[in-house]
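See structure below.
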Amino acid sequence: MLEKHAQLLIHSYTQWTGKKLINDTPDTPLLDQLNKAKCIILSHGTEDDPILNYGNKRAMQLWEMTEEQFISTPSRLTAEPLERSERARFMSEVTTNGYVADYTGVRISSSGRRFYIKQATVWNLIDESGKYCGQAATFSDYEYIDNGDEMK
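Counting in the UniProt record's numbering, the final residue of the sequence shown is number 152, and the numbers go up one at a time with none missing.
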C-alpha cells in the first residue's frame with residue numbers, strides 16, 4: 001500500500017508540475033527513496049478534516065513526531081490556530097488549480113516550535129483513474145521563528 005502511495009505522490013507531482021519529485025533509481029523501492037529524500041515530503045487524505053497519511057523522515061523530524069503520531073494528525077494542526085484560516089484558503093486554491101508553487105507559510109511542530117516553510121509546492125493527488133486522493137507538499141527550505149520574531 002505504501003509503495004502505491006509513493007507512486008501516487010511521484011506521478012501526481014510530475015503530472016501537475018512537469019518536474020521530477022525525486023531522481024528515482026530503478027533498483028530501490030520508491031518509498032525508500034522518498035523516505036531518504038533531502039526534501040521534506042508529506043501528504044494528507046480526503047477526509048472531511050484531512051489526516052496526514054505520509055511523511056518522510058525529514059517531515060517527521062521537522063514536526064517532531066513519530067510515524068504513528070504523524071499519520072493520525074489532522075493536517076490543519078500542522079499550522080498555528082491563527083494561520084489555519086489562511087491555510088484553508090490556500091488549500092482550496094490548490095484544489096481548484098491542481099497545484100501551487102512557491103508557497104510560504106508558518107507551521108508549528110508537535111512541541112510548539114514555529115517555523116516558516118519557504119518555496120513549498122503543494123499539489124493534488126490524482127490516481128490513474130482520475131480520482132482525487134488528497135494533497136501533498138514538498139519543500140527543502142524552512143526557518144525556525146524565535147520568540148515570535150517574523151521572518152527576516
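Heads up, the beta-carbon is just placed ideally off N, CA and C, and yes, glycines get one too.
Values in this document were obtained by computation on a predicted structure and should not be read as measured data.
Query raised in the report: Where does residue 35 fall in DSSP's three states?
Result: Stepping through the sequence shown from its first residue, residue 35 is reached at position 35. Three-state DSSP puts residue 35 in a helix.
Requested in this report: Closer than 8 angstroms by C-beta to residue 105: which residues in its own chain qualify, once you throw out the five before and the five after it? Chain order, please.
Outcome: Residue 105 sits at position 105 when you count from the first residue of the sequence shown. The answer, listed in chain order, is 79, 83, 86, 87, 90, 116, 117, 120.
Query raised in the report: Among 29, 25, 21, 14, which has the Cα closest to the Cα of residue 1?
Result: As a working mapping, residue 1 is identified with position 1 in the sequence shown. If we check each option's Cα against that of residue 1, 29 comes out closest.
Query - Test item: CB-CB of residue 69 and residue 129 under 8 angstroms - result: Taking the first residue of the sequence shown as position 1, residue 69 is located at position 69. Taking the first residue of the sequence shown as position 1, residue 129 is located at position 129. No, the Cβ-Cβ distance between residue 69 and residue 129 is not below 8 angstroms.
Report task. Pair every Cβ in the segment 121–141 with every Cβ in the segment 91–99, then say whether three or more of these pairs are closer than 8 angstroms. Result -> Contact holds: three or more Cβ-Cβ distances are below 8 angstroms.
Report task. Within its chain, find whatever has a CB closer than 8 angstroms to the CB of residue 24; leave out the 5 residues flanking it on each side and keep chain order. Result -> Within the sequence shown, numbered from 1, the residue matching residue 24 stands at position 24. Taken in chain order, the residues that qualify are 10, 30, 33.
Requested in this report: Within 10 angstroms of the Cβ of residue 54, are there 16 or more other Cβ atoms? Answer buried if so, exposed if not.
Outcome: Along the sequence shown, one-based indexing puts residue 54 at 54. The residue in question, residue 54, is buried, as its Cβ has 16 or more Cβ neighbours within 10 Å.
Query raised in the report: Looking at C-alpha atoms only, which residue of 67, 4, 46 is the closest neighbour of residue 132?
Result: Start at 1 with the first residue of the sequence shown, and residue 132 comes out as number 132. Residue 46 is the option with its Cα nearest to residue 132.
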